[in-house]
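Student: Let me give you the structure first, and then I'll get to my questions.
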Amino acid sequence: MKKALVAIDQSDISKSLISYSFRYAKQIGIDHLDFIHVMTYKDMTVPGYVDYSAHLDEEKVRQELEKIVLEGKADSGIDSVPHELIMTGGTPYAEIVETAEKNKYELILIGHRGLSNLERFFIGSVAAKVVRYAPCDVLVHRPREE
Amino acid sequence: MKKALVAVDLSEISRKTAVFAFNHAKDLGVDQLDFIHVLEFRDQMVPRMKEYAREFDENKIKEDILALIREALEESSTPSLAHNLIMKTGSPYQEIVRKAEEDNYELIFIGHRGMSDIEEFLLGSVAAKVVRHAPCDVLVHRPK
């Protein structure tokens, strides 16, 4: 069975990614989608960086993500691809790569946040790090700016 | 018409990426593949870096790349698909991104690592740089 891992958060780009993932799975013959969300805990505040406070409500985050996944699925019009949501904590790129290593995934799908040049220079994107360390194909989704 | 850009050099990973692109183009509704190869010139010598000499034969390289594309099409499960080769000179990731910005590509296909293994290990791969700067979707192929 061919499975793909889809890295998501609550950003707009993730919403686009979810819908894209269902369509892509159908087109290319992926039988199952595992959505993964990594909760990070950080002290520093980077402008534009959406993060969780130290006392986050994990259950609430899960419910919101499940809702986003179902909305994306409805938007894609693809009802035939089974899916699951995996919640984990830690450094996003490391957790994504580790999950991909433990299971046999055909592909990782991840969104590109479209960072500013300055942010890109200093911190690099999670997508670029996943590309560097992933054991399988990686599709980085970046919707064209209208 | 939907087009995809496929970044290639003469590495084995590039050949496999080309096969992969031919195999999946139709599934993704892509009607044409534009292959792009960027000739790069450097002064510094990095050990094991397979780079072109200053007096390289551009026509020879183009022929070799065309042969690689032909082999990839034969190896793929696709009987035929419109494709062509674009040759550029400069910094690989910049030229790939520039081409993607100029034309409306659905997707860029690229291998996770190209010809210069050591350099890419130290500085990050062309693929990672393309991912950071590309204006569209990027599929980074890593053959098993």
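Note that the protein sequences, when read in sequence, are chains A and B. Here our numbering runs 21 ahead of the position in the first sequence, where the first position is 1. Here our numbering runs 5 ahead of the position in the second sequence, where the first position is 1. Glycine is no exception: its CB is placed at the ideal position from the N, C-alpha and C atoms. All figures in this text were calculated on a predicted structure; none of them were measured in a lab.
#1: With 8 Å as the threshold, decide whether the Cβ of ASP32 of chain B is near any Cβ in chain A.
#2: Let me confirm a value: ASP142 of chain B is counted as buried when at least 16 other C-beta atoms fall within 10 Å, else exposed. Which label applies?
#3: As a quick exercise: from B:PHE27, B:ASN64, B:SER85, B:LEU71, pick the residue whose alpha carbon is nearest that of ILE113 of chain B.
#4: How about the region 28-37 of chain B and the region 81-97 of chain B: do they share at least three Cβ pairs that are nearer than 8 Å?
#5: Say whether chain A places a C-beta atom closer than 8 Å to the C-beta of ASP142 of chain B.
#6: Return the chain-ordered list of same chain residues with a C-beta closer than 7 Å to the C-beta of ALA105 of chain B, the five sequence neighbours on each side being excluded.
#7: Which runs of the alpha helix (DSSP H), 4 residues or longer, sit entirely within the region 67-107 of chain B?
#8: Taking SER32 of chain A as the query, report the chain B residues whose CB atoms sit under 8 Å from its CB, ordered along the chain.
#9: Would you report the Cα separation of ARG83 of chain A and MET108 of chain A, rounded to the nearest angstrom?
#10: Cα separation between ARG103 of chain B and SER130 of chain B?
#11: Along chain B, in chain order, which residues have C-beta atoms closer than 7 Å to that of SER146 of chain A?
#12: Any beta-carbon of chain A closer than 8 Å to the one on ARG147 of chain B?
#13: What does DSSP give as the partner residue(s) for MET108 of chain A in the beta ladder?
#14: If you measure between the beta carbons of LEU130 of chain A and LEU106 of chain A, is that distance less than 8 Å?
#15: Kindly indicate the opening and closing residues of the alpha helix (DSSP H) around GLU87 of chain A.
#16: For the region 85-103 of chain A against the region 120-128 of chain A, are there 3 or more C-beta pairs whose distance is under 8 Å?
#17: Cβ closer than 8 Å: which chain B residues qualify as neighbours of ALA28 of chain A?
#18: Using a Cβ-Cβ distance cut-off of 8 Å, determine whether HIS88 of chain B contacts chain A.
#19: By a C-beta neighbour count over all protein chains shown, 10 Å radius and 16 as the cutoff for buried, is GLU17 of chain B buried or exposed?
#20: Need the endpoints of the beta strand (DSSP E) that ARG134 of chain B sits in, please.
#21: Go to GLN37 of chain B, then tell me how far its beta strand (DSSP E) extends in each direction, as first and last residue.
#22: In terms of residue numbering, what span does the beta strand (DSSP E) encompassing LEU3 of chain B cover?
#23: Taking Cβ-Cβ distances shorter than 7 Å, what residues in chain B pair up with ALA149 of chain A?
#24: Are the beta-carbon atoms belonging to VAL27 of chain A and ASP55 of chain A less than 8 Å from one another?
#25: According to DSSP, is GLU119 of chain A part of a helix, a strand, or is it coil?
#26: Please go through the same chain and pick out, in chain order, the residues whose beta-carbon is closer than 7 Å to the beta-carbon of VAL24 of chain B, but skip the five residues on each side of it.
#27: Which of helix, strand or coil does DSSP assign to VAL152 of chain A?
#28: Measure the alpha-carbon distance for PHE43 of chain A versus HIS53 of chain A and round it to whole angstroms.
#29: Mind checking which residues open and close the alpha helix (DSSP H) that includes HIS29 of chain B?
#30: Buried or exposed for ALA87 of chain B, going by 16 or more other Cβ atoms inside 10 Å?
#31: Would a check of beta-carbon distances place ASP55 of chain A closer than 8 Å to chain B?
Tutor: Quick answer:
#1: yes
#2: buried
#3: B:PHE27
#4: yes
#5: yes
#6: LEU10, ILE113, ALA139, PRO140, CYS141
#7: 97-107
#8: Chain B residues near SER32 of chain A: none, gap ~16 Å exceeds 8 Å.
#9: 7 Å
#10: 17 Å
#11: ARG137
#12: yes
#13: A:HIS58
#14: no
#15: 79-97
#16: no
#17: Within chain B, no residue comes near ALA28 of chain A; the closest Cβ sits about 13 Å away, beyond 8 Å.
#18: no
#19: exposed
#20: Note on residue identity: the sequence assigns Lys, not Arg, to residue 134 of chain B. Per DSSP, LYS134 of chain B belongs to no beta strand (DSSP E); it is in the alpha helix (DSSP H), 131-138.
#21: 37-44
#22: Outside the shown range of chain B, which is 6 to 149, sits residue 3 of chain B, and nothing can be said about it.
#23: ALA133, VAL136, ARG137
#24: yes
#25: helix
#26: ALA77, GLU80, SER81
#27: helix
#28: 9 Å
#29: 17-30
#30: exposed
#31: no
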